[in-house]
Amino acid sequence: GNSVTQMEGPVTLSEEAFLTINCTYTATGYPSLFWYVQYPGEGLQLLLKATKADDKGSNKGFEATYRKETTSFHLEKGSVQVSDSAVYFCALSPSYSGAGSYQLTFGKGTKLSVIP
Amino acid sequence: GAGVSQSPSNKVTEKGKDVELRCDPISGHTALYWYRQSLGQGLEFLIYFQGNSAPDKSGLPSDRFSAERTGGSVSTLTIQRTQQEDSAVYLCASRHDRGRGNGYTFGSGTRLTVV
């Protein structure tokens, strides 16, 4: 079946530090890949996405590149801010049709805390 | 509406009671999902509605859980005879069913606490 594995947190960084949150996946074909962010007390928000190999999703200074050869979609940001403190979820949507094809499969989430 | 609306935002209930959680999706979104987020866990798929098709109930953890979607819009998730392990945040999401590349729009969730 499909699965998403992301690095366990919590991750604590100082403001302006470089961020990487690793995400790897297992799926057949070419799934679509997503990063969602959940700020304290809120629901999940789509942060960025990529739908095919070598695509780069970007938003709010965050980037992730769809790497088919390593089945990865690592999230990066060059300089984090206190306001980036949140839980980040990597997810995939499968490329096939049929049973289960419309589900998003999520990783367990990585909590990021950025300190001034 | 502009976003996915869930109510109540918080619910505390006694063990053994029934609860109903409501989701109002984005107008025009044909796909609606319920997920459960437990402390320290990822998101667990519960149920999926797509238009007038039969729902995909494969993620419901037991027969105490049920959901319906009336008129292709509002959905209600019902948990009967609640147990303490049902305590979690229940998230609803909707999607315009135009391609698998479209991400979901999530509501803010209902935090259910069973005491």
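Protein chains in written order, with this note's numbering: chain A, 11 to 126; chain B, 955 to 1069.
Cβ coordinates follow ideal geometry from the N, Cα and C atoms, glycine included.
Treat the numbers as computed from the prediction; the structure is a model and nothing was measured.
Check the Cβ of E52(A) against every Cβ in chain B and list those closer than 7 Å, keeping chain order.
Along the first sequence, read from residue 1 onward, the residue named residue 52(A) stands at position 42. Correct list: S1062.
Whose CA, out of D972(B), R1018(B), S963(B) and T1024(B), lies closest to the CA of A985(B)?
As a working note, residue 985(B) is residue 31 in the second sequence. Residue T1024(B) is the option with its Cα nearest to A985(B).
Going by C-alpha distance, which of K969(B), S1062(B), P979(B) and E968(B) is nearest V1028(B)?
Here residue 1028(B) is taken as the residue at index 74 of the second sequence, counted from 1. The option with the nearest alpha carbon to V1028(B) is P979(B).
Within chain B, partners of G117(A) - CB distance below 8 Å
As a first step, residue 117(A) is located in the first sequence; it is residue number 107 there, counting from the start. Going along chain B in sequence order, the residues near G117(A) (Cβ under 8 Å) are G996.
Between P104(A), E52(A) and T120(A), which lies nearest to G957(B) when the distance is taken from Cα to Cα?
Here residue 957(B) refers to the residue found at position 3 when the second sequence is read from its first residue. The option with the nearest alpha carbon to G957(B) is E52(A).
Pairing CB atoms from the stretch 71–81 of chain A with CB atoms from the stretch 40–52 of chain A, are three or more of them under 8 Å?
Result yes; three or more Cβ-Cβ pairs closer than 8 Å.
Relative to the alpha-carbon of L56(A), which residue among S123(A), G117(A), L122(A) and C100(A) has its alpha-carbon at the smallest distance?
Here residue 56(A) corresponds to residue number 46 of the first sequence, with the count starting at 1. Cα-wise, what sits closest to L56(A) is C100(A).
Cβ-based neighbour list, N32(A), same chain, cut-off 6 Å, excluding 5 preceding and 5 following:
Residue mapping note: residue 32(A) aligns to position 22 of the first sequence, counting from 1. The answer, listed in chain order, is M17 and H84.
Tell me, please, whether the CB atom of Y1044(B) is closer than 8 Å to any CB atom in chain A?
Residue 1044(B) sits at position 90 when you count from the first residue of the second sequence. Chain A contact via Cβ: absent.
Strictly below 8 Å CB to CB, what residues from chain B border F44(A)?
Along the first sequence, one-based indexing puts residue 44(A) at 34. The answer, in chain order, is G1057.
If we require 3 or more residues per run, which beta strand (DSSP E) segments fall completely within the stretch 965–1013 of chain B?
973–978, 985–991 and 997–1004
Whole-Å CB distance - Y989(B) paired with E998(B), under 8 Å assumed:
In the second sequence, counting from the first residue as 1, residue 989(B) sits at position 35. In the second sequence, counting from the first residue as 1, residue 998(B) sits at position 44. The pair is a contact, with the Cβ atoms about 6 Å apart (cut-off 8 Å).
Given S95(A) as reference, the closest of T120(A), L102(A) and Y76(A) once Cα atoms are compared
Here the question's residue 95(A) lines up with position 85 in the first sequence. Among T120(A), L102(A) and Y76(A), the Cα nearest to that of S95(A) is on T120(A).
Residues of chain B with a CB under 7 Å from the CB of L114(A): which are they?
Translated into the one-based positions of the first sequence, residue 114(A) becomes position 104. Those are Y1058, listed as they occur along chain B.
Quick check: what's the CA-CA separation for D972(B) versus I1033(B)?
On the second sequence, position 18 is the one that residue 972(B) refers to. On the second sequence, position 79 is the one that residue 1033(B) refers to. Going by the C-alpha atoms only, they are around 6 Å apart.
Does any CB atom of chain B fall closer than 8 Å to the CB of K59(A)?
Taking the first sequence and counting its residues from 1, the one referred to as residue 59(A) is at position 49. Yes, its Cβ sits closer than 8 Å to a Cβ of chain B.
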